[in-house]
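Enquirer:
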Ligand SMILES: CC(=O)SCCNC(=O)CCNC(=O)[C@H](O)C(C)(C)COP(=O)(O)OP(=O)(O)OC[C@H]1O[C@@H](n2cnc3c(N)ncnc32)[C@H](O)[C@@H]1OP(=O)(O)O
Ligand SMILES: CC(C)C(=O)C(=O)O
Ligand SMILES: [Mg+2]
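Numbering (the UniProt record's numbering), first residue to last: 1 to 514.
The following block contains the structure:
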């Protein structure tokens with residue numbers, strides 16, 4: 001077993017812009033790729049694989065621009081063992097401070113026979129030719145044996161021997177189809193390190209895919225087996241089920257002291273913002289329960305966990321949210337919350353209730369979860385204050401129509417003083433128009449920070465739940481609305497925030513009982 005020591009440097013090779021981009025739904029424009037490459041350099045990755053220059057003029061241009069302007073990381077470009085691909089890489093990387101050509105060829109019997117129609121000897125010749133051509137153009141050449149994991153071990157050693165002899169500095173061992181298990185991966189790396197000629201002079205690299213959900217576990221096992229570079233992507237994007245997620249790998253190495261305590265050089269406090277930048281660029285959000293960067297990664301809804309967290313956060317958290325870029329953990333009140341968490345939130349809002357009143361508020365709050373997922377501060381305030389809380393702005397009617405490339409929204413609201421206010425606005429799409437009309441009617445404006453619509457229930461019972469947050473006066477406030485109509489749910493959520501803003505401006509909450 002070769003656990004890394006603190007003197008071992010695990011190189012982080014990010015391939016979000018190559019393996020990530022080549023999967024359905026993730027194509028990025030050149031300017032988006034450049035912006036993301038800058039973010040990766042700031043994050044502290046060692047290598048940015050910027051693309052496959054020979055695949056299209058657009059990818060060539062993006063790699064070229066990244067090579068010219070992004071500093072702080074090696075810039076790699078991918079090529080088949082094919083003179084045209086290698087030449088395109090060399091030209092695109094011209095201007096990079098630390099260029100790397102990454103040449104690959106399949107080695108497994110399946111790929112040799114069905115894909116390449118090449119004998120073992122021909123594969124070795126191509127590997128040798130590709131690496132030699134690349135070394136004629138740059139010093140830093142990485143060679144990958146595609147589908148290495150399903151390749152005969154002795155043959156894999158022969159191919160890697162040829163690549164090292166031709167000048168490759170990094171030998172990448174992809175589990176291209178995500179078929180390996182951790183024990184097998186570790187054994188393969190140990191075998192290669194023991195058998196490849198000149199193994200001590202090269203860096204072994206792992207490139208694991210997630211078809212069985214094992215990409216991160218396999219990458220860590222590869223490190224145990226001696227890999228000192230891991231190829232990964234932000235949010236785990238990549239072919240099919242994706243590649244190993246960078247944020248998970250890096251945090252696994254950081255969180256397990258004495259086990260994976262090797263230095264990666266990553267500024268982990270930038271992980272969340274880098275993940276969110278990628279989501280904004282691609283329009284694809286990570287799932288709520290995604291490790292490290294998902295909305296639930298540091299959020300607690302169940303009463304027993306919340307009670308533990310309030311006593312000592314280590315009871316239910318193995319890392320500090322701030323270490324990966326979250327402002328803090330979140331105690332989210334919902335159907336599964338208990339007394340400790342509800343009383344704590346009420347205390348934060350300025351209410352200290354007698355036991356009996358607390359029981360009533362908890363029962364009423366739980367009843368609300370028949371029709372909404374989350375119990376918001378405004379719900380608790382309404383339950384405690386009753387009539388005193390005031391009616392706030394309410395939606396009476398709304399109408400949306402499309403004309404002349406714009407959407408028109410007309411809202412009819414009942415104001416806190418009982419008046420009816422009718423206002424119209426137009427926008428680029430129904431949500432923009434609706435929120436503009438609500439803002440004109442109420443006189444409240446805030447910067448929308450997040451907006452999500454979920455469905456609750458199924459079939460005839462289905463309702464839309466809208467959650468949004470807005471920033472105003474230096475504070476973030478969230479609002480929630482439910483309705484059979486998702487646009488109406490969105491309007492209710494918007495007014496929920498507006499009402500909170502108005503109440504906050506009017507008065508501080510009162511202390512109910514000592
Ligand atoms: C596991 C991976 O992620 S591999 C990288 C995947 N990335 C990409 O495919 C990048 C985008 N690809 C493309 O733009 C195109 O496929 C190109 C430009 C690379 C090639 O396009 P085309 O010439 O039209 O070929 P096509 O894609 O149909 O087939 C691939 C060809 O490359 C050959 N090939 C595949 N891998 C290699 C390799 N590593 N070395 C040499 N030849 C290879 C195949 O045998 C096939 O050859 P053939 O046309 O003589 O049958
Ligand atoms: C090109 C190689 C490294 C690859 O992406 C794979 O084999 O999965
Ligand atoms: Mg891959």
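For each residue, glycine too, the CB sits at the ideal point set by N, CA and C. For clarity, every value in this text was computed on a predicted model and none was experimentally measured.
When DSSP labels each residue in this structure, what does residue 318 get in the three-state scheme?
Expert: coil
Enquirer: Using a 10 Å radius around the Cβ and a threshold of 16 neighbouring Cβ atoms, would you call residue 350 buried or exposed?
Expert: exposed
Enquirer: Checking 9 Å against the spacing of the C-beta atoms, do residue 497 and residue 464 come in under that value?
Expert: no
Enquirer: Tell whether a beta-carbon distance below 9 Å holds between residue 8 and residue 228.
Expert: Here residue 8 is near residue 228, since their CB atoms are less than 9 Å apart.
Enquirer: Is DSSP giving residue 18 helix, strand or coil here?
Expert: helix
Enquirer: For residue 412, list the residues DSSP reports as bridge partners.
Expert: Bridge partners of residue 412: 397, 422.
Enquirer: Could you name each continuous alpha helix (DSSP H) segment of 4 residues or more that falls completely within the region 220-300, going from the start of the chain to the end?
Expert: List check, alpha helix (DSSP H) in window: 246-255, 271-282.
Enquirer: Between the region 132-139 and the region 191-200, can you find at least three pairs of beta-carbon atoms closer than 8 Å?
Expert: These segments do not touch.
Enquirer: Does residue 99 come out as helix, strand or coil in the three-state DSSP assignment?
Expert: strand
Enquirer: Please list the terminal residues of the continuous alpha helix (DSSP H) segment that includes residue 305.
Expert: Residue 305 -> alpha helix (DSSP H) spans 303-311.
Enquirer: In this structure, how does DSSP classify residue 210 when only helix, strand and coil are distinguished?
Expert: Reduced to three states, the DSSP call for residue 210 is coil.
Enquirer: Between residue 314 and residue 321, how many whole angstroms is the CB-CB distance? I'm expecting something under 8 Å.
Expert: Incorrect: roughly 13 Å between the Cβ atoms, too far for contact.
Enquirer: In whole angstroms, what is the alpha-carbon distance linking residue 281 and residue 25?
Expert: Answer to the nearest angstrom: the Cα atoms are 11 Å apart.
Enquirer: Using three-state DSSP, classify residue 118 as helix, strand or coil.
Expert: coil
Enquirer: Quick one: is residue 264 buried, meaning 16 or more other Cβ sit within 10 Å of its Cβ, or exposed?
Expert: buried
Enquirer: According to DSSP, is residue 28 helix, strand or coil?
Expert: coil
Enquirer: Under 8 Å by Cβ, that's how I've got residue 46 and residue 73 pegged, so tell me the actual separation to the nearest angstrom.
Expert: About 6 Å separates the Cβ atoms of residue 46 and residue 73, confirming a contact at the 8 Å cut-off.
Enquirer: Going by beta carbon distance, what residues of the same chain come within less than 6 Å of residue 160, once the five residues before and after it are set aside?
Expert: 171, 196
Enquirer: Is residue 188 helix, strand or coil by DSSP?
Expert: helix
Enquirer: If you drop the 5 nearest sequence neighbours on each side, which residues of the same chain put their C-beta closer than 6 Å to that of residue 494?
Expert: 435, 438
Enquirer: Quick one: is residue 117 buried, meaning 16 or more other Cβ sit within 10 Å of its Cβ, or exposed?
Expert: exposed
Enquirer: Do you know whose CA, among 274, 294, 335, 268, lies nearest residue 301's CA?
Expert: 335
Enquirer: Give every residue of the same chain whose Cβ lies closer than 8 Å to the Cβ of residue 332, excluding the five residues on either side of it in the sequence, and list them in chain order.
Expert: 299, 300, 301, 374
Enquirer: Could you spell out where the beta strand (DSSP E) holding residue 199 opens and where it closes?
Expert: No beta strand (DSSP E) holds residue 199; DSSP gives it neither H nor E.
Enquirer: Which of helix, strand or coil does DSSP assign to residue 501?
Expert: helix
Enquirer: What does the Cβ neighbour count give for residue 363, buried or exposed, with the cut at 16 atoms within 10 Å?
Expert: exposed
Enquirer: Report buried or exposed for residue 479, applying the criterion of at least 16 other Cβ atoms within 10 angstroms of its Cβ.
Expert: buried
Enquirer: Should residue 110 be labelled buried (16 or more other beta-carbon atoms within 10 Å of its own) or exposed?
Expert: Exposed is the call here.
Enquirer: Closest to residue 289 by CA distance: which of 445, 278, 248, 283 is it?
Expert: 248
Enquirer: For the beta strand (DSSP E) containing residue 442, list its first residue and its last residue.
Expert: No beta strand (DSSP E) contains residue 442, which is instead part of the alpha helix (DSSP H) from 430-442.
Enquirer: I'd like to confirm something about residue 172: is its beta-carbon nearer than 8 Å to some heavy atom of ligand 2, or not?
Expert: yes
Enquirer: Entirely within the region 147-192 and at least 3 residues each: give me those beta strand (DSSP E) ranges in chain order.
Expert: 170-175
Enquirer: Evaluate contact between the region 228-237 and the region 268-285, counting only Cβ atoms and requiring at least three cross-stretch pairs below 8 Å.
Expert: yes
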